[in-house]
Structure formats: structure tokens, C-alpha cells
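So in my numbering, the last one in the sequence shown is 1775, and the numbering has no gaps at all. Below is one structure, written out as C-alpha cells, with a few remarks after it.
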Amino acid sequence: MKQYLIISFFVGCLAAAASPMNTQTPIAPKERALADSDNKLVAPTLPFVFGSQYLRYPTPTSESWPHDLARMKQLGMNTVKIWVSWNQIEPNEGNFDFSMSDAIMDAIDHAGLKAVVNLIYTPPRWVKGTEQNFDNPQYFDSVSRFVRRMVERYAIHPAMLVWDCWNEPAISFPSGPSTLAQYRKWLTTRYDSPKAAGIVWGRPFAWGRSVITDWSEVEAPPLGFLAESLDWYRFHREHLPEQFSRLGAIIRKADPHHPVMVHDVFTGVTAVHTPYNDEMNMLPLDLHGVSLHVPAAQYEHADFVTENCRYTFAITMKTGVCRKLKKAFWVSESFGGALTFSLPSPPTPGPETLRKNMWQAVALGVQGFLFWQYRPERYPMPGTEDGGWGLTDLAGDDTERSKAVAEFAREVAPLVPLIPLVPARARSAIVVNDLTAFALDTRKRPEQLSAGMSQYTTFERQALEAPYVSAVLGAYRAFTTCNIPVDILSVQDSLDNYELIYLPLPMQMDTVVAERIRAFVERGGTAVLECGAGFYGEHGWVSEVVPGNGLANLFGVKEGEYRYHGVHRTLMDGGLSVSVAYRTGDLHVGTARVTGRFPDGSPARTEQVFGKGKAIYLASSPSIAVFSEPANTGEALIRSLNIKPEIVGEGIEIRRAHRGDSEFIFIFNHSSKAQTVRVSESSSHLFTPIRGRINYDGQALRCSIPARDLAIALSKR
């Protein structure tokens, strides 16, 4: 293996991409490093990382590496992500084989690229014992040795860029003896005694659950016991970042120069089957990424708008947390091709889909974008990945998708010094709670949902199976399809910089969250809550009064029962018709003013002035209705909040972002026909077209945008 001492680190702009027939030498990347007061190398700044996952042993084979890596460089990529697996590196205990990793790292360096090394913890067969998780000290010691040896070997390799310390973690709730020991220890910090915990959990009265006399009697709770399950969830949510911290400490000790990241496959509240909290997980490491795949046939499906919102929601939530913590965020895996060449298979995504995904990521503030993957997998894998996911064809030759990547690299290169862009300030925020997702969406068994489901549409089925995720995505869709900037906040975040907050189906709520909402309204904000607010309290018990935790006083109403009614229309003041799903039975109105009614005349919407602000209560879930109806843009819901949509067009999406004195407007045309779009713009600055045909008359931008394409305009302050 080549040995080099890195005194400066790779950071720079994208190499200029060449067309398939262009042999022009790419622009060499600039190099620089951050130094502390003693001129010692510290964590490097990062470029706009652009590239692809490439090697997941055994494919591609080494014969393909020189051609593929050279072509990736020509396409404008600067980074390659490789898998390095424990069972391959240490096939026998204490005996390490670095031949494959040496060869690929040297090949990456020879091609002028940088490497993200993804550590994979598939245990070798010599690892014995049933508890193969990081809570088992013996198991973790063995993992630590593998990590340490890998990092020591490549810390000074010139291709090294970033250590990705865990591939898509947190997909389960481990419950072996070592994990239970950690859980019991955690409980002692939360409760004074086993008896105190038992009282909160409803023991011994809850369905035959026994009295707890000693912490050693505590086991993983069965599905359905919410009071116990919330503690089990909270423990794992706090415990996972500790695992990241332990891995990060090992890597940083052996290599203090290169950043450490983790990339997950979920985001926040959409991680309903796993204990995942974005902010907690980002804290221990230097940067964060996510695997984010949009269905391949998105443009051909009627549900494109909903699926597109899943994609941008995830990025919006992640980049918001990363900006708060001053950390970089990457899209670490985005599909490069069809799921598989085998049958049945969804249609292959077109180049316009990839172009949309890349530009949306830039507009939303990402600092890196990696595909999964460059070449299709050739090894027959379990599932759907063999023969699929590639930017190229099976032989490694260019496709229209790989050419679209080269086009993007050329166009984005001048903007790289400004990346990451900062999305426009939002005055509104959707406030989400992962505990609500857990309470509502994870405790349902499939057999509980089977009866009578055939009467519902696909979207209504999902609304029943995962009502909270559906509500959150529906609320986000309503704002974004009306081109209203909106941030995604967790219930722990500050509300100080917002004028309006929207809480979709907020059925689990701690007392401190309710107090924060109350204070927000008193200061002059507008809080909009959907039905069932605070139905579950901090410990999972059903509240005596809903809205719970004192919110009934804030909103001036008291709920009856709530139930799913399917999607139907309801009337608001001014004759505005809004689609709703779920609704309360009888909403008892106290001091609030009724501002909308259901068709049967019962209250559907109320308002109450409180302090300097306003509290709006919705006796239904309009957000689920927006999610459940593919044609529902959410415009009526947005107008009912006294917000004027900027543009509600067929598939028109507007994103504003800035960096320094540069301001950008990204205008996407997701529809299947060319459109001329007029965007009002009061700025006195001139706008320069960056991409597409754009005219500015001093009051508005007028853009002619082909189908499934975009235009970009730039102004300087």
C-alpha cells in the first residue's frame, strides 16, 4: 500500500465533467485544511461531495475498477463510497487480510478520487455467542479491534476522505441480556424504585402484568403496553447515540484528521419501527447522511406529489437539524437505476428523475450527494438488489442516467463554492413528535388491520396503518405544493422564530411540550392543532380531558371521542371547503369561537385569542385527507390558515435559497407538459439565469420550463 503523510486535505470544487466522447482533463481539486492555533491539522472542511457507492464485495470485480473509476472522474464525480466488511478483513480471529481494501484504495487514489469508507460489521464465523450487539462487551471488543486496525491502516492514505462508521443502524430493538442490563440501569435514573416504575406502568393491574420487586425482573415489554413501551423506546433512542460515540472515539483516536459520520435509512418521525431521533444521533459525530430512495416510476404515478414530498420532507428535516448543530448533511444513497433487472420490477427511473433529485438536494442545503450505485449488482443477493440500482448498464457502459449525472456536474460546478445553500427563512413550522409516531404507528399488528380494509383506497389504507406519518407528510405536502416555506421541528425545538406552528394529529404530548405551545401563543404566535391533542400523556396514559396537559384551557374546547370517517368535505368560514379525515365525536366549545362546521352542523374548527396570539383547534385531520387524496393540493387547508399560496400549479415547485450575497430561485416543473411560470419577485436586484430560459421585468420572473425540468435564477444583493 502506498504511504503518504497528509499535511493538507482534499477540499474543492467538482471536476468539470466531460461528455462521453470528451477526453478533456478534469479540473484538479483544490486542497486545504483547517488548522488550530498550533498549526496542527484538525477536522477538514468538506467539498460538495458528489459520487457514488461503488464496491460491495464481490462486485464489481477488480478487472472493472480502472475503467469505472476513470469514467466516474470524467462524469464529474469526486468521491467513491466503498464497503469494507469485518468478515472479509478478519476471516480468522487476529488474522487480517487487507489485500482487497489496499487495492481499491490505491485504485481510487490513482483515478484522482476520494474515498468514503463504510465500515460493515457482518461478523466472521469465528465470532461465537448469540448476543451479537454492541452491548455485549466481548462482541464490542472484537468489533473495536477490527475498526482500530482499519483506521490505523488508512488514516494516512491519500484517498481517505470520511469514515462512515455504521451502515443504516437502528432497524430493531435489541433485547439480549447485555442490553437488558443497560435498560435496567437506565430505569434507575428515571424512577426511585421498581415499585415507582410499576405504578407508572399500571402493574399489577394491566392485563395480568406482575408486580415488580427488583430491577432484575424487568424484561422487554410486549407489544401493546404503551406505558412500558414508551420507556423502552426512550431508552433505545438515548442509547443508540452512545453507540455512535463509542465508535467515533475509537476512530478519532486512531485518526484525528478525518471526519466520522453515520448514515441512516430513516428520518425522524418516519422511523416508526425503530428508536431514532435525528438530533440525538447527530450530536456524537461530525456529519450525517441518509439513504433516500424515491420510487423509480414516480413521474408515471398519480401519487408523484406525495412521493416527492417524502423525499423533500426527509431532506428538510435533516438539513434543519444539521444547521442547528453546525454539521454537514449528505444524501448518502440515492437510487441510480431500477431496483433489479429481474421480474417483476418497477420501471427504470429516467434521467429527469435523477436530475430533479440532485437539484432539489442542492436547493435544500445538502453538502454531499452519493448514488447507490454506479454499476448494477451482479452477485445474486437476497431481495431485489441483484442486477439493479446502477447508473450504468451491467457492462459498465453509459446510460442516459449517467449522462444526466455528467450534465448536472457541469452545471453545478460554478455553484460549488456557495454550497451548502441556506433555504429561505420559513415563518411557519410543522412540529413533529417521534413519540406520537411510536404510540400510534408501531403498536398495531397486521391482523388487527386486515378486516374490512378492502373498502379503502391505497392511501386511506396507509392512513389507517400509519396515521401519524400520513398526517405529518400530508401537512408538509399542503405547505410545499402551495410553495409556502416551512420548517420541520421536533417538539424539543425552540419556537421563537416562527409566526405559525402546525401540529398534525399530536396525540402524544408531554407536559413541557404543552407549556411551550402555551408560551408561544401568549407571545403572539398562532398554534394550529389537529384533533386528539395530548390524548396520551407523558407516560402513555390516556388524558382525562382532551386536549390534554392544560391545552383545553388554551384552546377553549373539550373533545368527545374521535374516530376515522374516511375522507370527506367540511365547511369553514367564508365558504371554504376543506377535505378532512378522522374527526372528534362531539367537540364541546367553551370560550372559543366556532369558525367552521362539519356538514352535520357540529363544530369543525375553533379559534381563541390567548395573550397576544391565537389558538386554532381542528376537530379532524385535514393533513391525513391531503395525504389520502392524490389530487388534493392542500390549497384549501393553507387558505384556511390565512396563508396565501404563492403558486398552485400543476406540478410547479419553487425553492428559494441563499448564501452570502447570492440569492437563488429554483423553479421545478414536475408535470408532463412544458409550462410558462410567472413568479412574483419584489427584489430590486437583477436576476441572472443560471439554468433555463428566464426573463425578469423588475416585478416577476417569467420562465419557460420543459416538462420534468427546472430553471434556476441568481441575484446578488
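Backbone N, C-alpha and C fix where the C-beta goes; we use that ideal spot for every residue, glycine too.
Contacting residues, own chain, Cβ-Cβ under 6 Å from residue i (five flanking each side not counted)
i     : result
E1337 : V1379
E1704 : N1541
W1259 : A1285 and E1286
L1493 : Q1566
R1751 : S1762
Y1526 : T1494, A1495, L1498, D1499 and L1563
R1651 : E1665
I1575 : A1585
Y1514 : In this prediction, Y1514 scores a pLDDT of 43, lower than 50, which makes its location untrustworthy; the coordinate-derived value is nonetheless stated afterwards. Excluding positions up to five away in sequence, the list is empty.
Counterpart residues of residue i in DSSP-defined beta bridges
i     : result
M1130 : M1130 is not bridged to any residue.
C1761 : V1735 and I1752
F1429 : S1110 and S1392
V1038 : Because the chain here runs from 1059 to 1775, residue 1038 falls outside it and cannot be looked at.
A1769 : I1725
P1026 : With the chain represented from 1059 up to 1775, any question about residue 1026 goes unanswered, as that position is not in the structure.
D1444 : E1435
R1627 : S1637
I1710 : N1727
T1246 : T1246 pairs with nothing; no bridge assigned.
P1333 : Answer by DSSP bridge pairing: none, since P1333 is not bridged.
S1720 : R1717 and K1774
I1178 : S1143
S1349 : E1391
L1587 : L1561 and Y1675
For residue i, the three-state DSSP class (helix, strand or coil)
i     : result
P1409 : helix
S1287 : helix
P1252 : helix
Q1117 : With the sequence shown as reference, residue 1117 is identified as Thr, and Gln is not the correct amino acid for it. T1117 falls in the strand class under three-state DSSP.
E1580 : helix
V1549 : coil
G1659 : coil
F1685 : helix
K1461 : helix
Y1212 : helix
I1559 : strand
R1304 : helix
Spatial distance of residue i from residue j (CA atoms)
i     : j     : result
C1540 : S1486 : 13 Å
E1619 : T1642 : 5 Å
K1774 : R1129 : 36 Å
L1288 : G1598 : 7 Å
Q1082 : S1390 : Note that Q1082 scores 28 on pLDDT, short of 50, meaning its location in the model is unreliable and no value can be drawn from it.
V1667 : K1384 : 37 Å
V1142 : H1346 : 19 Å
Y1534 : V1684 : 9 Å
A1771 : A1419 : 16 Å
L1561 : I1488 : 6 Å
Y1291 : S1740 : 48 Å
M1319 : R1663 : 45 Å
S1251 : H1297 : 21 Å
S1601 : F1593 : 5 Å
P1723 : W1417 : Note that residue 1723 is Ile in the sequence shown, not Pro. Near 12 Å, if we compare the C-alpha coordinates of W1417 and I1723.
F1324 : D1755 : 43 Å
L1219 : D1455 : 27 Å
I1710 : E1693 : 13 Å
P1227 : A1372 : 17 Å
T1364 : D1568 : 30 Å
P1504 : P1262 : Its pLDDT being 38, under 50, P1504 is placed unreliably in this model, and the value from its coordinates should be taken loosely. The alpha-carbon atoms of P1504 and P1262 are separated by roughly 28 Å.
V1604 : Y1675 : 11 Å
G1187 : D1199 : 14 Å
V1269 : T1653 : 49 Å
Cβ-based neighbour list, residue i, same chain, cut-off 7 Å, excluding 5 preceding and 5 following
i     : result
K1670 : E1580, R1581 and G1582
L1695 : A1536, V1636, P1680 and V1684
R1717 : L1476, L1479 and V1480
T1237 : N1191 and D1193
T1271 : P1252
K1376 : T1325, D1336, H1346, V1348 and F1387
Own chain residues within Cβ distance below 8 Å of residue i, not counting five before or after
i     : result
N1080 : Only weak support is given to the placement of N1080: the predicted model assigns it a pLDDT of 32, under 50, and the value that follows is read from those uncertain coordinates. Once the five neighbours on either side are set aside, the close Cβ partners of N1080 are Q1132.
P1764 : N1727 and A1732
The stretch 1447–1464 in contact with the stretch 1479–1488 per 3-pair CB rule at 8 Å: Touching, no, given that fewer than three Cβ pairs across the two stretches are closer than 8 Å.
Segment contact, 8 Å Cβ cut-off, at least three pairs: the stretch 1229–1244 with the stretch 1175–1184: Counting C-beta pairs closer than 8 Å gives fewer than three between the stretch 1229–1244 and the stretch 1175–1184, which falls short of the contact rule.
Validate contact between the stretch 1426–1436 and the stretch 1105–1121 using beta carbons, cut 8 Å, 3 pairs: With the cut-off at 8 Å, the stretch 1426–1436 and the stretch 1105–1121 touch.
Stretch pair the stretch 1136–1151 + the stretch 1160–1176: three plus CB contacts closer than 8 Å: In short, these stretches touch, since the Cβ pair count reaches three.
The stretch 1191–1210 contacting the stretch 1295–1315, beta-carbon criterion three pairs below 8 Å: Because the criterion of three Cβ pairs below 8 Å is met, the stretch 1191–1210 and the stretch 1295–1315 touch.
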